[in-house]
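Everything below concerns the one structure shown next.
2 protein chains.
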Amino acid sequence: MARKLSTLDPQRLDNQICFAVYSAAHAFNRVYKPLLDRLGLTYPQYLVMLVLWERDDVPLKDIGEKLFLDSGTLTPLLKRLEAAHLVKRTRSSEDERQVLIALTPQGHALKDKARSVPQSILAASDCSVPELVAMKDEIVALRDRLNAVIGE
Amino acid sequence: MARKLSTLDPQRLDNQICFAVYSAAHAFNRVYKPLLDRLGLTYPQYLVMLVLWERDDVPLKDIGEKLFLDSGTLTPLLKRLEAAHLVKRTRSSEDERQVLIALTPQGHALKDKARSVPQSILAASDCSVPELVAMKDEIVALRDRLNAVIGE
DNA sequence: TCACATTTAATTGTTCGCAATTGAATGTCG
DNA sequence: CGACATTCAATTGCGAACAATTAAATGTGA
Chain A
1 MARKLSTLDP
11 QRLDNQICFA
21 VYSAAHAFNR
31 VYKPLLDRLG
41 LTYPQYLVML
51 VLWERDDVPL
61 KDIGEKLFLD
71 SGTLTPLLKR
81 LEAAHLVKRT
91 RSSEDERQVL
101 IALTPQGHAL
111 KDKARSVPQS
121 ILAASDCSVP
131 ELVAMKDEIV
141 ALRDRLNAVI
151 GE
Chain B
1001 MARKLSTLDP
1011 QRLDNQICFA
1021 VYSAAHAFNR
1031 VYKPLLDRLG
1041 LTYPQYLVML
1051 VLWERDDVPL
1061 KDIGEKLFLD
1071 SGTLTPLLKR
1081 LEAAHLVKRT
1091 RSSEDERQVL
1101 IALTPQGHAL
1111 KDKARSVPQS
1121 ILAASDCSVP
1131 ELVAMKDEIV
1141 ALRDRLNAVI
1151 GE
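So the sequence lines, in the order shown, correspond to chains A and B. Numbering of the first sequence is given in my numbering, commencing with residue 1 and proceeding in unit increments. Numbering of the second sequence is given in my numbering, commencing with residue 1001 and proceeding in unit increments.
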């Protein structure tokens, strides 16, 4: 009886999906760490590079919208990527407010070296691709509902 | 054809479950923010309080194991909770290496004020409880598989 | 055109999160 | 008992993450 109550108690840590998500994010980060160390990237830096590998010469703002990050996070991060010679930051000539982020040749080249990363993550997940895709879609849907509430 | 390839490309941002988890964690944090502000807590501080509301007078190490955090994160966090008069930190007399964390009366009292938080999160999730429980269990299982790889 | 609002990036300050190190307390084994 | 390893918390340094503010560029409407 006491057990049954505790498995329903919404104030219990283990009953909270947010803690599941929070702790899973950290677990992913720990798995990524050794893989990304070899590329000289942190996980958020890797996300920015993924965006740029899809489309180059992007305004900082667009990167922020894709990754749900603001300039307070991205400005120093991009300065570090620039210091590592992976990107170049230039003011747009049409709109001087915008900063355009472009890959350097080294930044482009890193895409190849990073090609094996998703494979390693998949292996660590120890889960079938269709299962992972289904989970991903559910989590994205949840995230989008949460973000919709924030805007309200 | 190009579209089909891109939806299978493992190096695409939108195909990565880790980014789904990462961005969902941030979305949760943004929903929690205004709720926890009223309690004077950050989200990680709230997690520590959840642990203590379940069992009081816990070694720092045990809190770390439950939350997957180390002393580098917890020591300053707990000092801030102590400065807010929510917990007390004392060295164990049996084992002087351990620091025991105990709730103050204010720390206990905060549990009641926090009772409505899970309800608000549930509403923001806009999802049935059984669905959320199923997702939570899947995510926890994934997290545990990832953590198992780290240990190896 | 000119006052005003909006957009955008940068900056500042606080809190996480973790790797690496330090130092003290405890355990272990010869 | 005594050398040695282990455990545990604290510390240091770095990189996010975000709120709040600042400043410059652009847009808008009288």
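Ideal placement from N, C-alpha and C gives every residue a C-beta, glycine not left out.
- CA-to-CA, the gap between Lys79(A) and Thr90(A) works out to about 12 Å.
- Counting C-beta atoms within 10 angstroms of its own C-beta, Arg143(A) has 16 or more neighbours from the protein chains shown and is therefore classed as buried.
- Exposed is the label assigned to His1085(B), since fewer than 16 other Cβ atoms lie within 10 Å of its Cβ.
- Beyond the five residues adjoining it in sequence on each side, Trp1053(B) comes within less than 7 Å, by CB distance, of Lys1111 in the same chain, given in chain order.
- Proximity of chain B to His26(A) at the Cβ level (cut-off 7 Å) is accounted for by Phe1068, in chain order.
- Here Asp9(A) has Asn15 as same chain residues with Cβ atoms under 8 Å from its own Cβ, once five neighbours each way along the sequence are excluded.
- For Ala102(A), the uninterrupted beta strand (DSSP E) segment begins and ends at Val99 to Leu103.
- Under the Cβ distance rule, Val51(A) counts among the residues neighbouring chain B, one pair being separated by less than 8 Å.
- For Thr73(A), the uninterrupted alpha helix (DSSP H) segment begins and ends at Ser71 to Ala83.
- Note that the C-beta distance between Thr1075(B) and Lys1088(B) is not below 8 Å.
- By the rule that beta-carbons nearer than 8 Å mark a contact, Leu39(A) does not touch chain B.
- Judged by DSSP in its simplified three-state form, Arg1115(B) adopts coil rather than helix or strand.
- Residue state for Pro44(A) is assigned as helix, using DSSP reduced to three classes.
- Residue range Ile17 to Asp37 is occupied by the alpha helix (DSSP H) that includes Arg30(A).
- Contact of Ser128(A) with chain B is not assigned, every C-beta pair being separated by 8 Å or more.
- Secondary-structure assignment with DSSP links Lys1088(B) through a beta bridge to Ala1102(B).
- In terms of beta-carbon proximity, Arg55(A) stays away from the interface with chain B, with every pair separated by 8 Å or more.
- For Lys1136(B), the nearest beta carbon of chain A is closer than 8 Å to its own beta carbon.
- Cα atoms of Ile1101(B) and Glu94(A): separation of roughly 57 Å, rounded to the nearest angstrom.
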